[in-house]
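Working notes, structure below.
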Amino acid sequence: MQALLIVDIQNDFLPGGALPVPRGAEVIDPANRLQDAFDLVVATQDWHPRDHGSFAANHPGKQPGDIIDLYGISQVLWPIHCVQNTRGAAFAPGLRMERFAAVFRKGVDPTVDSYSGFFDNGHRRSTGLGEYLRNRGIEEISIAGLTTDYCVKFSALDARTLGFRTTIIEDACRGIGLHPGDIEAAVNEMRAAGASIVRTGDVICK
Ligand code: VGL
Ligand code: ZN
Numbered sequence: 014m015q016a017l018l019i020v021d022i023q024n025d026f027l028p029g030g031a032l033p034v035p036r037g038a039e040v041i042d043p044a045n046r047l048q049d050a051f052d053l054v055v056a057t058q059d060w061h062p063r064d065h066g067s068f069a070a071n072h073p074g075k076q077p078g079d080i081i082d083l084y085g086i087s088q089v090l091w092p093i094h095c096v097q098n099t100r101g102a103a104f105a106p107g108l109r110m111e112r113f114a115a116v117f118r119k120g121v122d123p124t125v126d127s128y129s130g131f132f133d134n135g136h137r138r139s140t141g142l143g144e145y146l147r148n149r150g151i152e153e154i155s156i157a158g159l160t161t162d163y164c165v166k167f168s169a170l171d172a173r174t175l176g177f178r179t180t181i182i183e184d185a186c187r188g189i190g191l192h193p194g195d196i197e198a199a200v201n202e203m204r205a206a207g208a209s210i211v212r213t214g215d216v217i218c219k
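As numbered in the numbering used here, residues 14 to 219 make up the sequence shown, in order.
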């Protein structure tokens, strides 16, 4: 049984949003077309309280891109984004949602960020995603969405650690690229962890 994991295709990560990902909107079409090739479709949603510790605005004197120690974990600071129940946190208009069997929200705890859809960055709390997929007989997870160098990457690494076969559909993902080379390095890291890197055309016959 194979699942498609759609990561954080939300307004704030698209052009015009609070933390826009270059060419982020280009993932919507492949994410839509991929869904029917899978037994199960699940999504993650970045879902922060307004006082979240990953927001630069909550640390006087700090700017987005700065790195701080957040309760013992290194944290990149971001613009305020994906605040619960705001338009920025909503899924992109145009994203097919009728096949979403479940949505896993993450980044809810103000004291710790959660790039992975499976665990917070301290690996202390599970979102329930791994157990959910395991209980439904899923052995392989394919990932599409945002962002290649953060939430896609950390979700893929956790999927590998949990023992799932893991595939990244590279053209259905886009990265932030805070520093030159970040996106390529993320792809290499996922590959080194045992993830397969494929393209949409390898998954669906058009
Ligand atoms: C993400 C930065 C902050 C992501 C979420 O979805 O990759 N990146 N929050
Ligand atoms: Zn976030």
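We treat Cβ as the ideally placed atom computed from N, Cα and C, and that holds for glycine.
- Comparing alpha carbon positions, the residue from N134, A44, H136 and I80 closest to D184 is A44.
- Under the DSSP assignment, L53 falls in the beta strand (DSSP E) whose first and last residues are L53 to D59.
- With respect to the 7 Å criterion, N134 and I196 are not classified as neighbours on the basis of their beta carbons.
- For C95, the three-state secondary structure derived from DSSP is coil.
- Non-local beta-carbon contacts of Q97 in its own chain, meaning distances under 7 Å to residues more than five positions away in sequence, involve W60, H61 and P62 in chain order.
- Proximity of the beta carbon of C164 to the ligand VGL is indicated: a heavy atom of the ligand is located closer than 6 Å.
- Between the ligand VGL and the CB of D59, the shortest heavy atom gap is smaller than 6 Å.
- In the displayed model, D184 falls within a strand according to three-state DSSP.
- Inter-residue distance for L53 and G130 is about 16 Å (C-alpha atoms, whole angstroms).
- F131 sits in coil when the DSSP states are folded into three classes, being neither helix nor strand.
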